[in-house]
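Taking it in order: structure first as structure tokens, then the write-up.
2 protein chains.
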Amino acid sequence: MSVHDIVDNLQGGWIGGGGPESDVVVSSRVRVARNLAGMPFPHLLNKEGADQVVGLVRKASEDERFLARAGRIELVTMGELSAEERQVLVEKHLVSPDLLNQFEHKAVAIDGEEKISIMINEEDHLRIQVLLPGLQLNEAWQLVNGVDDALELNLDYCFSEQLGYLTACPTNVGTGLRASVMLHLPGLVMANQVRGLLATVTKLGLAVRGLYGEGTEAVGNLFQVSNQVTLGRTEEEVINNLLLITRQLLEHERGARAGIYRERRELVEDKVFRAYGLLKHARILSAGEAMRLFSDLRLGVEMNLLTGIPPELINELMIASRPAYLVKTGDGRKNNYEMDVHRAELIRSRI
Amino acid sequence: MSVHDIVDNLQGGWIGGGGPESDVVVSSRVRVARNLAGMPFPHLLNKEGADQVVGLVRKASEDERFLARAGRIELVTMGELSAEERQVLVEKHLVSPDLLNQFEHKAVAIDGEEKISIMINEEDHLRIQVLLPGLQLNEAWQLVNGVDDALELNLDYCFSEQLGYLTACPTNVGTGLRASVMLHLPGLVMANQVRGLLATVTKLGLAVRGLYGEGTEAVGNLFQVSNQVTLGRTEEEVINNLLLITRQLLEHERGARAGIYRERRELVEDKVFRAYGLLKHARILSAGEAMRLFSDLRLGVEMNLLTGIPPELINELMIASRPAYLVKTGDGRKNNYEMDVHRAELIRSRI
Chain A
1 MSVHDIVDNL QGGWIGGGGP ESDVVVSSRV RVARNLAGMP FPHLLNKEGA DQVVGLVRKA
61 SEDERFLARA GRIELVTMGE LSAEERQVLV EKHLVSPDLL NQFEHKAVAI DGEEKISIMI
121 NEEDHLRIQV LLPGLQLNEA WQLVNGVDDA LELNLDYCFS EQLGYLTACP TNVGTGLRAS
181 VMLHLPGLVM ANQVRGLLAT VTKLGLAVRG LYGEGTEAVG NLFQVSNQVT LGRTEEEVIN
241 NLLLITRQLL EHERGARAGI YRERRELVED KVFRAYGLLK HARILSAGEA MRLFSDLRLG
301 VEMNLLTGIP PELINELMIA SRPAYLVKTG DGRKNNYEMD VHRAELIRSR I
Chain B
352 MSVHDIVDNL QGGWIGGGGP ESDVVVSSRV RVARNLAGMP FPHLLNKEGA DQVVGLVRKA
412 SEDERFLARA GRIELVTMGE LSAEERQVLV EKHLVSPDLL NQFEHKAVAI DGEEKISIMI
472 NEEDHLRIQV LLPGLQLNEA WQLVNGVDDA LELNLDYCFS EQLGYLTACP TNVGTGLRAS
532 VMLHLPGLVM ANQVRGLLAT VTKLGLAVRG LYGEGTEAVG NLFQVSNQVT LGRTEEEVIN
592 NLLLITRQLL EHERGARAGI YRERRELVED KVFRAYGLLK HARILSAGEA MRLFSDLRLG
652 VEMNLLTGIP PELINELMIA SRPAYLVKTG DGRKNNYEMD VHRAELIRSR I
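Protein chains in written order, with the numbering used here: chain A, 1 to 351; chain B, 352 to 702.
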């Protein structure tokens, strides 16, 4: 499967849904930052140097020993993709928005199942990421670790005995590890408990962000919780700490949902079925309204109030409703009004 | 059909829908005020005097000559009805809210088709009203006139050669006639033209009110337009003047709808189908929201955008969603939250 096909596929990877605790945990992500010894960090590379890094990674990923341990992974330079294809990869969370700046220097390698993506010349030479549906932090870490080891057979990483892996930004030095979970917390939002709980989580050394990473708002009641510290702790400690806190948030969220449902069942049902009615019938839907309605619909699926809506369909529509994918499928319709009409058509045809 | 049965029936009279120009004109109403010679006006009557008036009207309505000309009409004193039944009659527009004050003095007579209702001891001894679906002002006037003549065979009216019919309030002296139409004007509201047009209508000597008469707001884009003057013009002049202005408003409304649909089809469809989606799926609906949604749904039916929703169903649900009818069918659920849940259930079960 080429990266062009991956762009078109809206069923793969975490979007396919499922996984443990998927009533609250949409996805789990683990990534490590790695740099090649003897090469300047990406922000100091010229085009030639950048191409050299891409070439080294390509070679390492095509090596027989890599293939035997980690499987086939398709590498494409960002310049080979159209602007819209690049944006869709961001919207699918397979690459970061940063990979779109100065994209001529950059590349990405993705496996056919869309679990693994390796960003090349983002902030570091390599960002090896695994994204899985549901709560699968250990599984994601194992996969990242395997790919990392397989690459290291042919790549020489920048490593300090004292500090660990060296990275372009000091916040990543050490393990180079960032682990995160995407949580759907409508119950805590409805119960007015979300701010307090997430403030506590921040005090415990974790960061809370919106759906599209740093600096983005939590739309659709989706919150990304990730570790901050990469130095002085083992990878297993980081993963287990995040797992522990995620499990606590999970129980709080389930408790909040059950409490509201027990006291005012109709309030929850009203939220869910209004969302269903609007998504199924509206003729104009803005991106923001669609995200709010998806959250309510997701809650209905997670609480078994709605039948006939597979959870993966909500992930899929969430991605398909984003601007880049709409432009891609919109037959030249590009202004806001046209996009809102196209979004409503697309959603209506699937619900 | 007894008046108790009429209360339970939500298909009769104007609610049954249809009639000419029913894409804009919901109903047409004509009433005349009459008083009996030699009797004090109702506000000066004691219970005994009030009963005497009721007795005289009952006798006149049971007379063979009346039956031959006007048909059977069922008379019931307001004291024979429960508080909820009395309220439902108001919500169906068969009696005025005034008939509920000091109701022990009062009575109403209604025909089986719910076209004719005679209020007894409201502000005047008799208020003979005909309410028909669509634009049927002349037809309503002919019916009122026939009932009036048939009653006069056995009743002696208060009449002055110089002033015409004498009434409790001077604003009704002369013809005692009030004619009105209930108009659905969502197009003019959307096009921001409704205030200007209705201000002009007021300058032409007509009054504009909301759905439930004097002092009520125009909910659901429903406006009642009626004549003000009862003195110095013949009944035919009054009716024709109102007809003429109604036809002008009708053309403006159709023009506004067509204009918006031509320029932004999706805006109109979005309004209509959102209303459909919410009415079909919401679990909690306030009276105010339901009325707004009915207006949007009605627009869809009137513009042939929605199939499968008969127009009379909207009238029926509009009445069935009012507080009194909900209390009547709500198995003891009476607080606001319970009423809103019951309203949503009832609407959902029918759309």
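Backbone N, C-alpha and C define an ideal beta-carbon position, used for all residues, glycine too.
These numbers come from a predicted model, not from an experiment.
Chain-order list of residues whose beta-carbon lies under 6 Å from that of residue i (same chain, five-residue window excluded)
i	result
Glu653(B)	Asp374
Gly17(A)	Pro133, Pro311, Glu312, Asn315
Thr428(B)	Ala458
Lys271(A)	Asp296
Val95(A)	Leu89, Val108, Met119
Arg380(B)	Leu482, Ser531
Glu85(A)	Val7
Leu450(B)	Lys457, Met470, Glu473
Thr518(B)	Ala384, Asp475, Val524, Gly527
Ala501(B)	Phe417, Arg420, Ala421
Met190(A)	Ile260
Arg478(B)	Arg382, Ala384, Met470
Pro448(B)	Val441
Below-8 Å beta-carbon distance, residue i vs any chain A residue
i	result
Asp621(B)	yes
Leu650(B)	no
Tyr676(B)	no
Tyr508(B)	no
Glu617(B)	yes
Ala609(B)	no
Val692(B)	yes
Gly639(B)	no
Phe645(B)	no
Leu629(B)	yes
Buried or exposed (CB count within 10 angstroms, at least 16 for buried), residue i
i	result
Tyr627(B)	buried
Pro42(A)	buried
Glu512(B)	exposed
Leu163(A)	exposed
Arg34(A)	buried
Gln438(B)	buried
Gly12(A)	buried
Lys92(A)	buried
Gly547(B)	exposed
Glu340(A)	Per the sequence shown, residue 340(A) should be read as Asp rather than Glu. When all chains shown are included, Asp340(A) counts as buried.
Asp499(B)	buried
Tyr516(B)	buried
Same chain, Cβ closer than 7 Å to residue i, five either side skipped, listed in chain order
i	result
Leu313(A)	Arg350
Cys169(A)	Glu123
Leu644(B)	Ala626, Leu629, Leu630
Gly606(B)	none
Lys466(B)	Gly364, Val481, Leu482, Leu483, Leu494
Leu267(A)	Ile260
Beta-ladder partner(s) of residue i, from DSSP
i	result
Ala558(B)	Ser577(B)
Ile73(A)	Asp111(A)
Ile393(A)	Shown here, chain A extends from 1 to 351; a query on residue 393(A) therefore has no answer.
Ser378(B)	Pro484(B), Met533(B)
Ala33(A)	Arg127(A)
Phe510(B)	Tyr516(B)
Gly174(A)	Tyr165(A)
Nearest-angstrom Cβ-Cβ length linking residue i and residue j, presumed shorter than 8 Å
i	j	result
Leu486(B)	Pro371(B)	5 Å
Thr581(B)	Gly525(B)	4 Å
Val376(B)	Thr597(B)	7 Å
Ala282(A)	Phe624(B)	6 Å
Leu536(B)	Asn572(B)	5 Å
Leu387(B)	Cys509(B)	7 Å
Neighbour flag for residue i against chain B, beta carbons, 8 Å
i	result
Arg262(A)	no
Ile351(A)	no
Val90(A)	no
Ala33(A)	no
Ala282(A)	yes
Arg274(A)	yes
Heavy atom of the ligand SAM within 7 Å of residue i beta-carbon
i	result
Leu573(B)	Absence of the ligand SAM is noted for the structure shown, with no ligands found whatsoever.
Cβ neighbours of residue i in the same chain (closer than 8 Å, five flanking residues each side left out)
i	result
Leu697(B)	Leu668, Ala671, Ser672, Leu677, Thr680
Leu242(A)	Leu137, Ala179, Ser180, Val181, Leu206, Val225, Ser226, Asn227
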